[in-house]
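J.: Residue numbers (the numbering used here): 2 to 139.
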Amino acid sequence: MNYSIIHIKTIEAEQCGRISFFEGIHDLPFEIRRIYYISGVPEGKMRGFHAHKTLRQLLFCPYGEIEIILDNGEEREHIVLNRPDQGILLKSGLWREMLWKKSDSVLCVAASDFYDPEDYIRDYDAFLEFRKSGEMYT
Ligand code: TYD
2 MNYSIIHIKT IEAEQCGRIS FFEGIHDLPF EIRRIYYISG VPEGKMRGFH AHKTLRQLLF
62 CPYGEIEIIL DNGEEREHIV LNRPDQGILL KSGLWREMLW KKSDSVLCVA ASDFYDPEDY
122 IRDYDAFLEF RKSGEMYT
């Protein structure tokens, strides 16, 4: 499927927490044009239910636990994000749903482009058509 799990560089300080970091271009295969994060979601709630035509993203969960369900039109995979040193690099053309396994978990996203509602596919059947048309990938 069109994603990879990446290790986010993290340095632990004894009894003093840890720091995690990444840089556009150096650590990600794109320049970061936008950062956003989703918070305050109750346990058991789902968000997402869309795909992107061209956007690439790094998803990470520095606090809590969120299940990311990815769908390429043929199969579905479930990935649990629950560590500050773990991220999912998503290419475009993947349908995603996100399940909050613990309330107050924070989902952070570094994205390759500015917000563009035209880049979204919010209808699952339209997503399947998009996959079939082969208008991809970045
Ligand atoms: P959306 O991407 O649909 O969130 P989710 O997939 O998690 O449900 O975004 C929700 C709303 O926020 C939508 O009205 C668009 C707006 N939004 C922006 O204006 N800029 C952004 O960068 C993002 C991600 C969302």
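No residue lacks a Cβ here, since even glycine has one placed at the ideal position from N, Cα and C.
(1) Per DSSP, what kind of secondary structure is Arg-34 in: helix, strand or coil?
(2) Where do the ends of the beta strand (DSSP E) carrying Glu-44 lie?
(3) Measuring CA to CA, which of Phe-50, Leu-90, Leu-56, Gly-88 is closest to Tyr-125?
(4) So, are the CB atoms of Leu-71 and Ala-112 less than 8 Å apart?
(5) Mind the definition here: the stretch 21-34 touches the stretch 97-108 only if three or more C-beta pairs lie below 8 Å; say whether that holds.
(6) Which residue marks the beginning of the beta strand (DSSP E) containing Ala-112, and which one marks its end?
T.: In short, the structure shows the following:
(1) coil
(2) Note, Glu-44: premise wrong, no beta strand (DSSP E); not H, not E.
(3) Phe-50
(4) no
(5) no
(6) 107-112
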